[in-house]
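Residue numbers 7 to 180, in our numbering, belong to the letters of the sequence shown in order. Cβ coordinates follow ideal geometry from the N, Cα and C atoms, glycine included. Report on one structure; see the data block that follows.
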Amino acid sequence: MRSLIIPFVFLLMPIAEIATFIIVGREVGVGITLLLILGSAIAGAVLLRIQGFGVLRKIQEASQTGTDPGRQLVHGVMIVIAAFLLIIPGFISDIAGLLLFIPAVRDFGWSFVKNRLTIVTTGMGTGRGFSRAPEPDRNGPRRAGPRVIDLDDDDYSRTDGRGRTDPNERDRLK
């Protein structure tokens, strides 16, 4: 049943948007309707810029203090979705987009998805970090850092140890 809901919504949404265009156009006129659509697209771009930078700042602060940035990340995704809904033409999508720009609505969305998400990050060698996934084995082998072996062309040849070259060598790009 769930698989039928999404195509049904994608079919009904444009029909509902066209119907609202007709109703609003009949009530206020075609010119005002077009100005409202253009104004909502501009408002979406402006609100994305203002609130998007605010959320990015909060994500950076959470990362620097070692706290969980999950809430801010979900808020950021919701702001991008809200801006997208405002930028595309349609009054129903504009209402949904404007609702997503309200922090209380985003908090409600966060409370709905927070138990369904797993955010795993590391503290980049600072000893600080945050994780909602199971803790890794602390007694396991540890590496000091990335292991990189840098070889020149003279230091490496593709042979099998008996002096024969790799039979697939001719297929490789040089």
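Given a threshold of 16 other Cβ atoms within 10 Å of its Cβ, counted over all protein chains shown, does residue i qualify as buried or as exposed?
i, result
"Met84", "buried"
"Thr39", "buried"
"Val15", "exposed"
"Arg112", "buried"
"Gly35", "exposed"
"Gly188", "Outside the displayed range of the chain (7 to 180) lies residue 188, so it cannot be described from this structure."
"Arg77", "buried"
"Val61", "buried"
"Ser46", "buried"
"Asp100", "buried"
Among residues of its own chain, excluding the 5 on either side of residue i, which ones have a beta-carbon nearer than 7 Å to its beta-carbon?
i, result
"Gly131", "Below a pLDDT of 50, predicted positions are generally treated as unreliable, and Gly131, at 45, falls in that range; no measurement from the model is reported."
"Ser69", "Pro75"
Can you give the beta carbon distance from residue i to residue j, rounded, assuming they're within the 8 Å contact cut?
i, j, result
"Leu79", "Ile56", "Going by Cβ atoms, the distance from Leu79 to Ile56 rounds to 18 Å, so no, they are not a contact pair."
"Gly82", "Leu92", "At roughly 16 Å, the Cβ-Cβ gap does not stay under 8 Å, so Gly82 and Leu92 are not in contact."
"Ala51", "Ala25", "Wrong, their Cβ atoms sit about 26 Å apart, outside the cutoff."
"Ile98", "Glu33", "With 8 Å as the limit, Ile98 and Glu33 do not qualify as a contact, their Cβ atoms being about 16 Å apart."
Using a Cβ-Cβ cutoff of less than 6 Å, which residues in the same chain neighbour residue i once the five nearest sequence positions on both sides are dropped?
i, result
"Leu54", "Ala89"
"Val10", "The sequence given here has Leu at residue 10, not Val. Closer than 6 Å at the Cβ level, and outside the excluded window around Leu10, lies no residue."
"Glu141", "Because the pLDDT of Glu141 is 49, which lies under 50, any placement of that residue in the model is unreliable, and the number read from its coordinates should be weighed accordingly. Cβ neighbours of Glu141 beyond the five flanking positions: none."
"Gly58", "Ile85"
For residue i, which residues of its own chain have a beta-carbon under 8 Å away from its beta-carbon, when the five flanking residues on both sides are left out?
i, result
"Gly115", "Val80, Met84 and Leu106"
"Ala49", "Leu92"
"Arg153", "none"
- Task: Pick out the complete alpha helix (DSSP H) segments inside the region 84-128, 4 residues or longer, and give them in chain order.
- Result: As for any alpha helix (DSSP H) of minimum length 4 sitting wholly inside the region 84-128, the runs are 97-106 and 109-119, ordered along the chain.
For this session: Write down every uninterrupted run of the alpha helix (DSSP H) in the region 8-48 whose length is 4 residues or greater and which is fully enclosed by it, in chain order.
Result: Those alpha helix (DSSP H) runs which fall completely within the region 8-48 and span 4+ residues are 8-34.
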